[in-house]
Amino acid sequence: MTRIVTRPIPLKSAMSLEQSGLPPLLARLYAARGIRSREEMDTSLKHLIPPEQLLGADAAARLLADAIASNQRMLIVADYDCDGATACAVGLRALTAFGARVDYLVPNRFETGYGLSPEVVQIAAAHAGGKPDLIITVDNGIASVDGVAAAKRLGIATLITDHHLPGDELPAADVIVNPNQPGCPFPSKGIAGVGVMFYVMLALRAELRRRGAFAERAEPNLGELLDLVAVGTVADVVPLDRNNRILVSQGLARMREGRLCPGLTALFRVAGRDPAGAASFDLGFTVGPRINAAGRLGDMGVGIECLITGDLARAMNIAQQLDALNKERRAIEADMKADAEVLLDDIEAGERATLTLFDPSWHQGVIGILAGRVKERLHRPTFALARGNEGELKGSGRSIPGLHLRDALDLVAKRHPDLLLRFGGHAAAAGLTLREADLPRFEQAFEEAARQMLAPADLTRTLETDGPLESAYYGIDTVRMLQREVWGQGFPQPMFADTFTVESRRLLKEKHLKLRLRHGNSRLDAIWFNAPISVGDTVTAAFRLGINEYMGQQTVQLLIEHCEDATPGA
C-alpha cells in the first residue's frame, strides 16, 4: 500500500523567501525543506564548515606534511564504489600537486573483502612501488582494527579517512579523520568519504602554507577538485545538508562552465549528456553508475584511472570501457531481477517486515542494486545475498525510513554472536558476511530485529509530495529552473501530486505505461516506468517534471512515481 501525503509549507518562511526575490514556486519548495532565509541558500565556499572542526584533520595534515618533507612513500587504499574512487582521485591529484610520492591500491572486493584487512596490508607491503611508509585509507578503514594492527607490525603508519559509523573498537591508527568518531564536533555528519578527503587536503594545504611550502611556487587550487567531490557526494546518496549542498553546487557550477576533469568530460560524452546542463540527476544516475560499474564487475582501478588522467583521448578510451561495463551490469541486474521475481512469487511480503533473498547464480557486484530495487517495489528492508568465499555468503542490504540497517545488524550480532562474520554500513545501506549454512538463522534473526525496531506505520510506503502544481508551471522553463537547483538525499527533488483525466494509454515494451493526461485546459504526456498496474479514466498521480526530447523537439513530460485510480465509485 502507498500513501500520498503533502509536505507542510511554513508560510512565514515561504513569504520571506519570496519577498527576498526567490520565484514563488522555489520559495514554496525551499520552505517545505526547512529553508527559512535567503542566506541559507548561499552556496559560496565561504560558508563551508572550517576544516578545524573536523577532528583529526589538523593532525592528518601534520602527518602528511612531515611525510612529504621526508620524501616518504604514501599509498592510498581506496574503496570500490564511486565515493571511494572519487576520494582516491582527490587524494592522488592533491598530494601529487603538493609534491608527495603517492600511489594507490584498490583491493579486489571478491578476494579480500571490504576495507583495510590484514590481507590488503600484505598486498600493500609488496606493492610495486616498494613498501609504503604511510597507508591512507579513503572511504574505509574505521572498522579495520586488525588491518591497522598488521600495518603497525610491518612498520607502516596509517591515516584513516572515512565516514562510516565506527564499531565498539576504533583501529589504533596514527590518525583517524571521521566525523562520526566519538568526540568529533563536525556538524555535517553525513559528509561523504570524498568530502572527508577533500577536507584533509584543505587542512594539508593550510599546514604546508604555514611551513612556507608555497613561498617560491604557486599554491595548488583545490577548487579544481570540486567536480569530483560533487560526483562522489551525490553518488553515495548522503544527506544533502547545507555543507554538502555547497560542495555539490560548487562542483556542478564548475561542470556547467566546462571546468571539469577530462575523465568526467569523457563520461558525460559517452552517456550523451552535456556538462553545460549538468544537474544532480546526471551525477547520481549517469556518471556515478558508470564509475561504480568498474568496482561492481571488475577493477575499480579502471574508474580511478579515468578520473586522474589529464589526457582526454585516454579518458575517452577508459570511459568507453566503463560504459560497456555498465551495460553488462544492467544486463546482469535484469537477469537477477527476474530471478528475484520468481522468489518473491512464493513470499507474502505483506506479512513480513523484511525480505532476505539468495540465489547461487547471483553476482556479488550487483546484489546491492537488486536489494534496492526490491526495497523500492515492496517497501521492506531487503538483503540480497550471493556466494563469496567457500562456504560463505556476502549480503548487501537496503532499508526503509524507520529502520537503521546497521543498528539492526548490530542487534542481530548481539543476540547471535556467532552468526555474522562481518558487517557494517549506514542507516539506509549495509553489508554482511555469513556462513551459507546460517542463512535461515539470519533470515529469522533479521526479521525479529526489524519487527522490534519498526512501527507498523513504517511498513506503509509514504510518498511525500509538494502537493498540486499550478497549470502555469507545466512548462519547459519550470523544469529547467528546478534542474538548476541541487536536490538529493534529505533534500528531495520536487515531486507533485494531483488528479488527472486519462485521455489515452499505451504499453511500451510490455512494462512502461505511456499516458496522455488532461489537467484543466492543459494536455500533458506522462510515463510510468515499470508500471505494476493499468489505470482507469481518472487518476491521482505523484510525479516529477521531466523533459522528453524527440526529433529535436523538447516537451514537458510527467515522470510518474505512483498512480492510483480516482474514478468516482471505483
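Per my numbering: the sequence shown = residues 347 to 916. C-beta atoms are modelled at their ideal positions from N, C-alpha and C, and glycine is treated no differently.
On the CB-based measure, 16 or more other CB atoms within 10 Å of its CB, does residue i come out buried or exposed?
{"i": "Val902", "result": "buried"}
{"i": "Lys392", "result": "exposed"}
{"i": "Gly475", "result": "exposed"}
{"i": "Ala686", "result": "buried"}
{"i": "Ile822", "result": "exposed"}
{"i": "Thr348", "result": "exposed"}
{"i": "Gln798", "result": "exposed"}
{"i": "Asn975", "result": "The requested residue 975 is not part of the displayed model; the chain covers only 347 to 916."}
{"i": "Ile879", "result": "exposed"}
Helix, strand or coil for residue i per DSSP?
{"i": "Ile693", "result": "coil"}
{"i": "Lys857", "result": "coil"}
{"i": "Leu400", "result": "coil"}
{"i": "Gln835", "result": "coil"}
{"i": "Leu820", "result": "In the sequence on display, residue 820 carries Tyr and not Leu. Correct three-state label for Tyr820: coil."}
{"i": "Phe792", "result": "helix"}
{"i": "Asn894", "result": "strand"}
{"i": "Phe532", "result": "coil"}
{"i": "Met682", "result": "helix"}
{"i": "Leu441", "result": "helix"}
{"i": "Lys673", "result": "helix"}
{"i": "Arg382", "result": "coil"}
{"i": "Asn722", "result": "Sequence check: residue 722 is Glu here, not Asn. Helix at Glu722."}
{"i": "His865", "result": "strand"}
{"i": "Arg619", "result": "coil"}
{"i": "Met646", "result": "coil"}
{"i": "Thr632", "result": "helix"}
{"i": "Glu782", "result": "helix"}
{"i": "Gly777", "result": "strand"}
When you compare each of the options to residue i by their alpha carbons, which one comes out closest?
{"i": "Asp449", "options": "Ser463, Gly461, Ala424 and Glu465", "result": "Ala424"}
{"i": "Asp508", "options": "Ala360, Phe544 and Ala474", "result": "Phe544"}
{"i": "Leu568", "options": "Leu613, Ala471, Ala552 and Thr579", "result": "Ala552"}
{"i": "Gly718", "options": "Glu738, Ala695 and Ser745", "result": "Ser745"}
{"i": "Gly748", "options": "Gly618, Gly836 and Ala801", "result": "Ala801"}
{"i": "Thr708", "options": "Glu603, Val720, Ala503 and Gly734", "result": "Thr is not the amino acid found at residue 708; the sequence shown has Trp there. The residue with the shortest Cα to Cα distance from Trp708 is Gly734."}
{"i": "Gly711", "options": "Phe704, Ser742, Val848 and Gln839", "result": "Ser742"}
{"i": "Leu815", "options": "Gly647, Ile873, Gly487 and Phe889", "result": "Phe889"}
{"i": "Leu500", "options": "Ala518, Ala471 and Val523", "result": "Ala471"}
{"i": "Pro608", "options": "Met662, Arg557, Ala639 and Val881", "result": "Met662"}
{"i": "Gln835", "options": "Asp582, Pro396 and Met387", "result": "Asp582"}
{"i": "Gln790", "options": "Thr806, Tyr819 and Leu757", "result": "Leu757"}
{"i": "Arg851", "options": "Ala877, Ala431, Leu716 and Ala617", "result": "Ala877"}
{"i": "Gly696", "options": "Leu724, Ala684, Ala730 and Gln667", "result": "Leu724"}
Is it the case that the CB of residue i approaches a heavy atom of the ligand HEM more closely than 7 Å?
{"i": "Ala732", "result": "With respect to the ligand HEM, the structure offers nothing, as it holds no ligand at all."}
In the DSSP assignment, find the unbroken beta strand (DSSP E) run with residue i in it and report its ends.
{"i": "Glu810", "result": "Arg807 to Thr811"}
{"i": "Glu910", "result": "Gln899 to Asp911"}
{"i": "Ile350", "result": "Thr348 to Thr352"}
{"i": "Ala625", "result": "Where Ala625 is concerned, there is no enclosing beta strand (DSSP E), given that its DSSP letter is neither H nor E."}
{"i": "Thr483", "result": "Leu480 to Val484"}
{"i": "Ala732", "result": "Thr728 to Arg733"}
{"i": "Ile506", "result": "Ala503 to Thr507"}
{"i": "Thr579", "result": "It is not in any beta strand (DSSP E) - Thr579 instead sits in the alpha helix (DSSP H) that spans Leu572 to Ala581."}
{"i": "Gly770", "result": "Leu766 to Gly771"}
{"i": "Met702", "result": "Note on residue identity: the sequence assigns Thr, not Met, to residue 702. Start and end: Leu701 to Phe704."}
In the DSSP assignment, the alpha helix (DSSP H) including residue i goes from what residue to what residue?
{"i": "Val494", "result": "Val491 to Arg499"}
{"i": "Ile879", "result": "Run containing Ile879: none; DSSP gives neither H nor E here."}
{"i": "Ile469", "result": "Pro464 to Ala471"}
Cutting at 8 Å between CB atoms, please list the residues of its own chain near residue i, excluding the five before and the five after it.
{"i": "Arg408", "result": "Glu553"}
{"i": "Phe560", "result": "Leu554"}
{"i": "Thr352", "result": "Glu810, Thr811, Asp812, Gly813 and Ala843"}
{"i": "Cys530", "result": "Leu400, Leu401, Gly402 and Asn524"}
{"i": "Arg781", "result": "Gly737, Glu738, Leu739 and Leu767"}
For residue i, collect the residues of the same chain with a Cβ closer than 6 Å to its Cβ; drop the 5 residues on either side in sequence, then sort them by chain order.
{"i": "Leu613", "result": "Val633, Arg636 and Ala665"}
{"i": "Ala625", "result": "Gln829"}
{"i": "Met601", "result": "Asp573, Pro621 and Ala624"}
{"i": "Ile893", "result": "Val825 and Gln900"}
{"i": "Gly714", "result": "Ser742"}
{"i": "Leu410", "result": "Leu550"}
{"i": "Pro786", "result": "none"}
{"i": "Ser359", "result": "Ala377 and Arg382"}
{"i": "Met646", "result": "Tyr426, Ala431, Val452 and Ala640"}
{"i": "Ala406", "result": "Leu505, Val521, Val523 and Val546"}
{"i": "Pro369", "result": "none"}
Spatial neighbours of residue i within its chain, please: CB distance less than 7 Å, with the 5 preceding and 5 following residues excluded, ordered by chain position.
{"i": "Cys434", "result": "Ile422, Ala424, Tyr450, Val484 and Ile650"}
{"i": "Thr579", "result": "Ala538, Val540, Gly541, Asn590, Leu593 and Val594"}
{"i": "Val494", "result": "Leu462, Thr504, Pro517, Ala518 and Ala519"}
{"i": "Arg379", "result": "Phe837"}
{"i": "Asp911", "result": "Val881, Gly882 and Val885"}
{"i": "Gly445", "result": "Ile414"}
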